[in-house]
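Enquirer:
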Amino acid sequence: MTEQANPTIRAREVSKRFGNTVALDGFSLDVWKGGLLTLLGPSGCGKTTALRIIAGFDRPDSGSVDLNGTPVVSPGLYTPPERRSVGMVFQDYALFPHMTVEQNIAYGLGKDRRHRIAEALELVGLSAVAKRHPHELSGGQQQRVALARAIAPEPEVILFDEPFSNLDATLRDRVRRELRSILTNADATAVFVTHDQEEALAMSDVVAVMREGRVLQAAPPDLLYRRPADPWTAAFIGDADFLDGHASGGQVATAVGVFPTDLTGRVSVMIRPEAVRIDPDPAGAARVLDREYYGHDQLVTVALENGSIVRSRMGPWPVLDVATPVTISIGETSIFPVPGDPS
Amino acid sequence: MVAGTAQPAVRSARGRRASPVLWLLAGAAVLPSLIPIGLLVWTTITAGADAGGIPVSRLGELAASTAVLVVGVTVGAGVIGMGTAWITTRTNLPRRKLWATLVSVPLVIPSYVGALSLLGAGGNQGALSQVLTAIGLPALPQIRGGWAAWAALTLWNYPFVHLLVTSVLTRMDPALEEAARGLGASRRRAFFTIVVPQARPALTSSMLLVALYTLSDFGAVSLLGYETFTRAIYTQFRGRIDITPALFLSGVLMVLALVLVAAERRGRGAKVLRTERPARSPRIVTLSLRQRIAARVFMGTVVAGALALPAGVLAWWAARGITDNLGSISVGAETANAVTAAAIAAIVTVVAAIPVGVLTVRHPGRASGLLESVTWSTYSLPHLAVGLGFLVFALRVAPFAYQSLPLLVTAYLAMFLPQALGAVQSALRRVGSHLEEASRSLGHRPWVGFRRVVLPVIAPGMLTGGALVFLTTMKELPATLMLRPTGFETLAVRIWSTASEGLYTRASVASLVLLTISAAPVYILVTRDLE
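These protein sequence lines are chains A and B, in that order.
Here the first sequence is numbered in the working numbering, starting from 1 and rising by one per residue.
Here the second sequence is numbered in the working numbering, starting from 1 and rising by one per residue.
#1: Would leucine 560 of chain B and leucine 468 of chain B qualify as a contact pair, given that the criterion is a beta-carbon distance under 8 Å?
#2: Does the separation of the CB atoms of alanine 385 of chain B and isoleucine 35 of chain B fall below 8 Å?
#3: Could you please give the first and the last residue of the uninterrupted alpha helix (DSSP H) stretch that includes proline 228 of chain A?
#4: Below 7 Å on C-beta distance, what does glycine 443 of chain B contact in chain A?
#5: Does glutamine 143 of chain A come out as helix, strand or coil in the three-state DSSP assignment?
#6: Is there a C-beta anywhere in chain B that falls below 8 Å from the one on valine 175 of chain A?
#7: At 8 Å on the CB atoms, spell out the chain B contacts of methionine 270 of chain A, in chain order.
#8: Apart from the five residues on each side of it in sequence, which residues of its chain come closer than 6 Å, Cβ to Cβ, to valine 272 of chain B?
#9: Is alanine 94 of chain A close to chain B? Criterion is C-beta to C-beta, closer than 8 Å.
#10: Who are the neighbours of valine 86 of chain A on chain B, taking C-beta pairs under 8 Å?
#11: Please confirm whether alanine 438 of chain B has its beta-carbon closer than 8 Å to some beta-carbon of chain A.
#12: For a test of the three-state rule: what should DSSP assign to tyrosine 293 of chain A, helix, strand or coil?
#13: Consider the Cβ of histidine 98 of chain A: report whether some Cβ of chain B lies at a distance smaller than 8 Å.
#14: Near alanine 499 of chain B, what residues of its chain come up, given a Cβ to Cβ distance below 6 Å and the 5 sequence neighbours on each side ignored?
#15: Quick test of your reading: aspartate 290 of chain A and glycine 315 of chain A, contact by CB under 8 Å. State the CB separation rounded to the nearest angstrom.
#16: Which of the three DSSP states is assigned to alanine 270 of chain B in this structure?
#17: Compare the beta carbon distance of leucine 304 of chain A and alanine 255 of chain A with 8 Å and say whether it is the shorter of the two.
#18: Can you find the residues in the same chain that come closer than 7 Å, C-beta to C-beta, to tryptophan 471 of chain B, ignoring five residues on each side of it along the sequence?
#19: Leaving out five residues before and five after valine 2 of chain B in sequence, what residues of the same chain have Cβ atoms less than 6 Å from its Cβ?
#20: DSSP three-state label for isoleucine 143 of chain B, please.
#21: Is the distance from the Cβ of valine 356 of chain B to the Cβ of leucine 421 of chain B below 8 Å?
#22: Where DSSP assigns a beta bridge to isoleucine 278 of chain A, which residues make up the other side?
#23: Less than 8 Å separating the beta-carbons of leucine 307 of chain B and proline 174 of chain B?
#24: What number of angstroms, rounded off, separates the C-alpha of glutamine 7 of chain B from the C-alpha of threonine 48 of chain A?
#25: Nearest to proline 153 of chain A by CA position, among A:Ala190, A:Ser64, A:Ala120, is which residue?
#26: Report the rounded CA-to-CA distance for threonine 88 of chain B versus leucine 287 of chain B, giving the unit in angstroms.
#27: One question on the structure: do leucine 253 of chain B and proline 138 of chain B come within less than 8 Å of each other, judged by their Cβ atoms?
#28: Who are the Cβ neighbours of valine 302 of chain B in its own chain at under 7 Å, not counting the five residues just before and after it?
#29: Indicate the three-state DSSP secondary structure (helix, strand or coil) for lysine 97 of chain B in the structure shown.
#30: For arginine 344 of chain A, which option in A:Gln217, A:Leu95, A:Asp241, A:Gly26 has the closest C-alpha, if you only look at C-alpha atoms?
#31: Just checking: is the beta-carbon of valine 457 of chain B within a distance shorter than 8 Å of some beta-carbon in chain A?
#32: How should alanine 492 of chain B be labelled, buried or exposed, when 16 other C-beta atoms within 10 angstroms of its C-beta is the threshold for buried?
#33: Mind checking the stretch 55-73 of chain A against chain B and listing, in chain order, the residues whose C-beta falls within less than 8 Å of any C-beta there?
#34: Note down the Cα distance separating valine 56 of chain B from leucine 481 of chain B, rounded to an integer number of angstroms.
#35: Within a Cβ cutoff of 8 Å, which residues of the same chain sit near leucine 320 of chain A, ignoring the five residues on either side of it in sequence?
#36: By DSSP, does arginine 313 of chain A sit in helix, in strand, or in coil?
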């Protein structure tokens, strides 16, 4: 990310209620040009509302949104969606059923559109079906038409509302890769909304984790996974085990070892299964408790001497039977203070 | 892993206010619906004290005779409709599909045409009497009075019960019955504890509809000579210069109708219907030989009375007319008038339904809900009362509109707006708000998106609504009778007036023309439903 005067999208302290439901509660976010940012959160966390407020379909109760440094929403100001230059790909695609693919794409274009239509069709690889109607296309094709339609007017940013939820699993992976490369070729800035953690991590430059109407952490996927800002995010992003400990003198002792930390007092040590290495050892104090075998890897649950449990994700072999004694070594961890504890 | 469910595809536009222009258009569209309701309130206040000069004993008589007819017809239609529905969905009677169609078709026969077919069947000159005397049997007496009114309204109203109950019976999940059987219930117990409770809301609801139609009916009771509120209102209206008594009776009738509607609404609230058809078809009962014969006799009797009788009698009289003298039975002018009025009414009503539909679907709320209730309330009022309401309105407020086509069309709009509205609303709901939003995100103003995207997509729904309004307007009798411009005879008016003068030939020809023209919109409606 290069230093720039203004982010493509800047949202500040945006709040929105629907009746008694709080959808957004102090939502703030920066999206920089050229990247792909994903809003990730459980359903009901307000991510779709955030998208709709950026697009202009909903008006926030308070807060502001700037696009390329120009305010589009702030107290007393509201720019309607048609004057925002924000493209949108809907969950149900919202293709106009009575228009052909070509006419759908032409809809957002002014004069001199023949060239742009051809370009957009080529970009998504659908030149062959230009004259067809949406209902004659497969789900994946419809999705690409929706994308082409959104890209054609060359908006500042394209928003995607759960774009893969209507595709089956095998198609989803392929479409995701295609989409990624199309967006790169178009040099577009994109914001995705999804509740699928793997999807978010696999395709994003930046993932913004949302909970209860606000962004908890926005970071590149690897950083988010390895250095989550809080235990909730850690557990939401992927499998994690937490071991309690008491930190003092720059370190914390747990059932699986001693780790350095700046914190003092009660802490919680987050351990990813990938950071847990287990070796069969007749003298080991830990025991294999359970094993889920997936083929490409396996998830082995181990009971420690003190009754705590950690999981290890390891390669497909060796196969460890239940009750096998093992020794454990831990790689990377994240350590969080336990709230409410005087430190 | 935490996995949330997907967001609903269609979000309501909560929090976004509708434009004042939309409110203005929708309000204007609903305004005519307020006229008869306003009249009701006004009448109750002004004429309530002395009952419009009508003796209480007279009111009691009318209430009693009306109540007897309403109860009799409702029970009769309920029994017949439940029977035909169950036989055609849950038994192995051969040619069930054909039977189901045959018992549904009588729905298109207006009650006054049914009454005409009863009048034309009996008596010395009657079609059925002629057949009977030809084979050496005595002729039938003239078919008139209370029993005739009961038969007519039952025979041409039971299809409502049949259709509503059929739709529940076919959509009922067979797994429920199987679960009951698996838990040890006998077939009989499973039927009474599982099937009947699920069908009951539909049965109740359709029977209340039949009660409402019977209460509101004018054509059949007036032709067959059975005194009810509607007939008394018309007599009062025709015979007196002072129409206050007629207005008062209309007020009473409207209140009774609204009570029935409220009861139907309450019953509907308890409905636990599955909206989607389950993957498997329901359990089929195998009939014994004796049961099969009984079922055939039952279905055959219903079809003979409700379909074969009117078809035969009308054809017989029409054929007589054609062989006798072709000139005097021509109904060309009436046909042209009826089609013109119905077409104008259909177009006006559909256009008016669009702003109301957009407002109620895209901006649901208390105010738009109220607007919708007003249209539905007026829809459920007896047409005779609505007609009288508009007549009084014209006489007292807008004399220039008295007996004009615009007034008649306005009354049709007030009476039939919900038919178009329902079709437009369901089309709009299917579109969802995403198409409009997609249009805006592509740089177009809201109006452009509505015109270029929404209108073309809801066009089939508009056609359905228009066809429905056209069909209902063609058949409408009492309001047309009261409000039509002088000399503006429609098919319905011609059928009624000639039938009441005993001119069955001309009435039959007009009826056959009416039924033939009705086939076109029915075809549109049926094929749309199949999509």
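Even for Gly, the Cβ is constructed at its ideal location relative to N, Cα and C.
Expert: So, to answer that:
#1: Residue 560 of chain B lies beyond the stretch modelled for chain B, which goes from 1 to 531, so this question has no answer here.
#2: Not closer than 8 Å, so no.
#3: Where proline 228 of chain A is concerned, there is no enclosing alpha helix (DSSP H), given that its DSSP letter is neither H nor E.
#4: When 7 Å is used as the limit between beta carbons, glycine 443 of chain B is near these residues of chain A: Glu82, Gly108, Pro153, in chain order.
#5: It is helical.
#6: Closer than 8 Å to the CB of valine 175 of chain A there is not a single CB belonging to chain B.
#7: The contacting residues do not exist; methionine 270 of chain A stays about 16 Å from chain B at best.
#8: Summary for valine 272 of chain B: the model assigns pLDDT 47, below 50, so the residue's position carries little reliability; its value from the coordinates is reported in the next sentence. Contacts found: none.
#9: Taking Cβ atoms only, chain B reaches closer than 8 Å to alanine 94 of chain A, which makes this a yes.
#10: In chain order: Ser441.
#11: So, interface residue.
#12: Tyrosine 293 of chain A falls in the strand class under three-state DSSP.
#13: Yes, histidine 98 of chain A counts as interfacial toward chain B.
#14: Non-local beta-carbon contacts of alanine 499 of chain B in its own chain, meaning distances under 6 Å to residues more than five positions away in sequence, involve Leu116, Leu223, Ala507 in chain order.
#15: Contact flag wrong, Cβ pair sits at about 18 Å.
#16: With a pLDDT of only 49 at alanine 270 of chain B, under the threshold of 50, the placement of this residue in the model should not be trusted, and no figure is reported.
#17: Cβ distance < 8 Å, so leucine 304 of chain A and alanine 255 of chain A count as in contact.
#18: It is worth fixing the name first, because residue 471 of chain B is leucine in this sequence and not tryptophan. Around leucine 471 of chain B: Ser518, Pro521, Val522.
#19: Residue placement at valine 2 of chain B is poorly supported in this model, since its pLDDT is 37, which falls under 50; the coordinates are not used for a value here.
#20: Three-state DSSP puts isoleucine 143 of chain B in coil, outside helix and strand.
#21: Taking 8 Å as the Cβ cut-off, valine 356 of chain B and leucine 421 of chain B qualify as a contacting pair.
#22: DSSP lists A:Ile328 as the bridge partner or partners of isoleucine 278 of chain A.
#23: With respect to proline 174 of chain B, leucine 307 of chain B sits apart: the two C-beta atoms are not nearer than 8 Å.
#24: For glutamine 7 of chain B, the predicted structure reports a pLDDT of 36, less than 50, and the residue's modelled location is therefore unreliable. The matter cannot be settled from this model.
#25: The shortest C-alpha separation from proline 153 of chain A is found at A:Ala120.
#26: The straight-line gap from Cα to Cα measures roughly 12 Å.
#27: Note that the C-beta distance between leucine 253 of chain B and proline 138 of chain B is not below 8 Å.
#28: Answer for valine 302 of chain B: Ile80, Thr84, Val103, listed in chain order.
#29: If DSSP states are grouped into helix, strand and coil, lysine 97 of chain B belongs with the helices.
#30: In the structure displayed, chain A extends from 1 to 343; residue 344 of chain A sits before or after that span and is not available.
#31: At least one chain A Cβ lies under 8 Å of valine 457 of chain B.
#32: Residue environment for alanine 492 of chain B: buried (at least 16 other C-beta atoms within 10 angstroms of its C-beta).
#33: The stretch 55-73 of chain A vs chain B, Cβ under 8 Å: Ala55, Gly56, Phe57, Asp58, Arg59.
#34: Per the coordinates, the alpha-carbon of valine 56 of chain B lies some 28 Å from the alpha-carbon of leucine 481 of chain B.
#35: Contacts found: Ile278, Pro280, Val288, Arg291, Val300, Val326.
#36: The three-state reading of DSSP puts arginine 313 of chain A in strand, counting E and B together.
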